[in-house]
Every structure is written in structure tokens, then in C-alpha cells.
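Chains as they are written, first to last, in this note's numbering: chain A, 12 to 126; chain B, 2 to 116.
Here a beta-carbon is modelled for each residue, glycine too, at the ideal position from N, C-alpha and C.
If you're wondering where the values come from, they're calculated on a predicted model, not measured in any experiment.
A short worksheet on the structure shown next.
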């Protein structure tokens with residue numbers, strides 16, 4: 012069975028601090044996809060990134076970066092120089108090649124960035 | 002494109018009443034998903050469709066829940082009769098096949114409160 016663990020339930024940081032959100036996954040598939048979604052206080056779920064299991068290159072997009080390590084089954088998300096607007100719940104998710112039940116979300120990490 | 006459109010955004014009803022939630026997916030997306038989000042259970046997949054055909058409804062909690070997709074641009078999730086434990090945010094999401102496969106675009110959600 013597929014599983015996503017986000018051990019950090021809540022994190023609080025002060026603006027401009029760097030913060031890393033942890034994601035550990037379990038799967039028996041050799042081909043799979045990992046995702047991060049953001050849910051700001053307004054409630055919608057916003058797609059941030061998709062990574063497939065064959066691409067372990069780290070990715071940077073502005074202040075956001077992602078570290079994918081198959082050896083530790085982790086797909087961590089770092090926000091550099093955090094801002095108040097980064098305050099949200101962040102979900103890590105895992106999917107196999109197919110849709111449906113095998114698209115699994117983690118429990119989410121609530122990030123609060125204080126001014 | 003206007004994105005995935007859900008209605009109503011908020012619904013307050015009394016136990017025993019019928020509730021109908023509506024979703025218009027992004028044009029051209031072949032997959033449509035219904036998720037439920039609660040504090041206790043997080044994001045749960047209820048059902049998904051491919052080309053208007055229900056593929057997996059094993060996540061539907063019980064017979065009180067039903068979902069339909071009469072055409073490519075419209076889906077409904079119905080709860081009859083509603084119960085207080087159905088109170089949650091219900092999200093609709095759609096996804097294309099091809100290069101954007103597996104990336105779910107979510108609607109803004111429908112917040113249901115059953116008194």
C-alpha cells in the first residue's frame with residue numbers, strides 16, 4: 012500500500028527564515044510521481060510541483076526548492092527567506108502511473124510565518 | 002480557462018435533507034475526482050471518472066452518497082439523506098492525460114455543514 016508521512020504537524024517561523032517541510036513516502040512501485048500542493052487560508056489547493064521517480068534532480072523555483080532522495084524515500088520542500096504569504100498547509104502526495112485510489116495525500120504540515 | 006468551478010461554495014442544511022454539490026471541470030480534462038477533506042481524516046478520494054464513466058467509487062462512504070457525470074462538463078455529488086458527520090469540505094478536481102497527466106487541478110471546494 013502507498014503511504015505518505017508528514018511528521019511535522021505545525022511549524023512556526025519568523026519571516027525571512029528558511030524552513031524545510033519533510034515528506035517520507037512508501038510504495039512498492041518502481042514508477043511513481045510525487046507532488047506538493049499548497050492550501051492557503053482561503054482553502055483552495057494549489058499545485059506546486061510534480062516529480063517522477065526517475066528524476067532525482069533537485070529543483071529550484073524562486074524561493075522554493077525540492078530535494079528528492081530515493082535512498083531515503085523522501086521528497087522534502089524548502090522555502091528560503093520565508094514570507095507571511097507562505098503561511099498555508101502544505102500537502103505532499105504520491106501517485107503511481109494510474110489514477111484513483113493510488114493517489115495518496117499526506118496529512119499536511121501547517122506553516123505559519125510570523126512577521 | 003476559468004479552472005474547476007464548484008457550487009455552492011457554502012451549504013448549510015439540516016440533517017435528513019438532500020444535498021447536491023456541482024462541479025464543472027476544465028475543458029479537455031478527461032479525469033474528474035471528488036475528494037472530501039475533514040480535520041480527522043484529511044483528504045479522502047471518494048470517486049473518480051474517466052471520460053464521464055465512474056471508474057472507482059470504493060471511497061464513497063455509504064449508499065447515501067452518489068455521484069454522476071452526465072457529460073464532459075458537469076458532475077454532481079449527492080448526499081441523501083445528509084447527516085452531521087457529512088460536514089466537510091468537498092473538492093472536485095480534474096486532470097488531463099498526456100504531458101499534464103496526474104496533475105490534479107482543484108476547485109475552490111464546497112463547505113458543507115449539516116446541522
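When the options are compared against residue i, the one with the closest alpha-carbon
i             : options                  : result
residue 56/A  : 106/B, 111/B, 113/B      : 106/B
residue 15/A  : 93/A, 87/A, 69/A         : 87/A
residue 105/A : 25/A, 24/A, 63/A         : 63/A
residue 59/A  : 47/A, 126/A, 108/A, 68/A : 47/A
residue 82/B  : 7/B, 73/B, 21/B, 108/B   : 21/B
residue 69/B  : 63/B, 55/B, 3/B          : 55/B
residue 23/A  : 41/A, 95/A, 61/A, 17/A   : 95/A
residue 99/A  : 21/A, 17/A, 65/A, 38/A   : 21/A
residue 13/A  : 41/A, 126/A, 25/A        : 41/A
residue 103/B : 17/A, 61/A, 125/A        : 61/A
According to DSSP, residues forming a beta bridge with residue i
i            : result
residue 39/A : Note: residue 39/A sits in no beta bridge, so no partner.
residue 11/B : 112/B
residue 22/A : 122/A
residue 90/B : 38/B, 112/B
residue 31/A : 89/A
residue 45/A : 62/A, 105/A
residue 48/B : 35/B
residue 70/A : 77/A
residue 54/B : 51/B
C-beta neighbour in chain A for residue i, strict 9 Å
i             : result
residue 77/B  : no
residue 66/B  : no
residue 90/B  : yes
residue 104/B : yes
residue 113/B : no
residue 22/B  : no
residue 43/B  : yes
residue 29/B  : no
residue 94/B  : yes
Residue j beta carbon less than 9 Å from that of residue i
i             : j             : result
residue 34/A  : residue 93/A  : no
residue 93/B  : residue 32/B  : no
residue 81/A  : residue 67/A  : yes
residue 108/A : residue 36/A  : no
residue 116/A : residue 108/B : no
residue 91/A  : residue 77/A  : no
residue 110/B : residue 18/B  : no
residue 116/B : residue 45/B  : no
Closer than 9 Å to chain B by CB, residue i
i             : result
residue 55/A  : yes
residue 51/A  : no
residue 44/A  : yes
residue 61/A  : yes
residue 48/A  : yes
residue 102/A : yes
residue 118/A : yes
residue 79/A  : no
Decide if the region 45–61 of chain A is in contact with the region 18–30 of chain B; the criterion is three or more beta carbon pairs, one per stretch, under 8 Å apart.
Touching, no.
Touching by the beta-carbon criterion (3+ pairs, under 8 Å), the region 79–97 of chain B and the region 37–45 of chain B:
Cβ pair count under 8 Å is three or more, so yes.
Can you find at least 3 beta carbon pairs, one from the region 42–57 of chain B and one from the region 68–79 of chain B, that sit closer than 8 Å?
Yes, the region 42–57 of chain B touches the region 68–79 of chain B.
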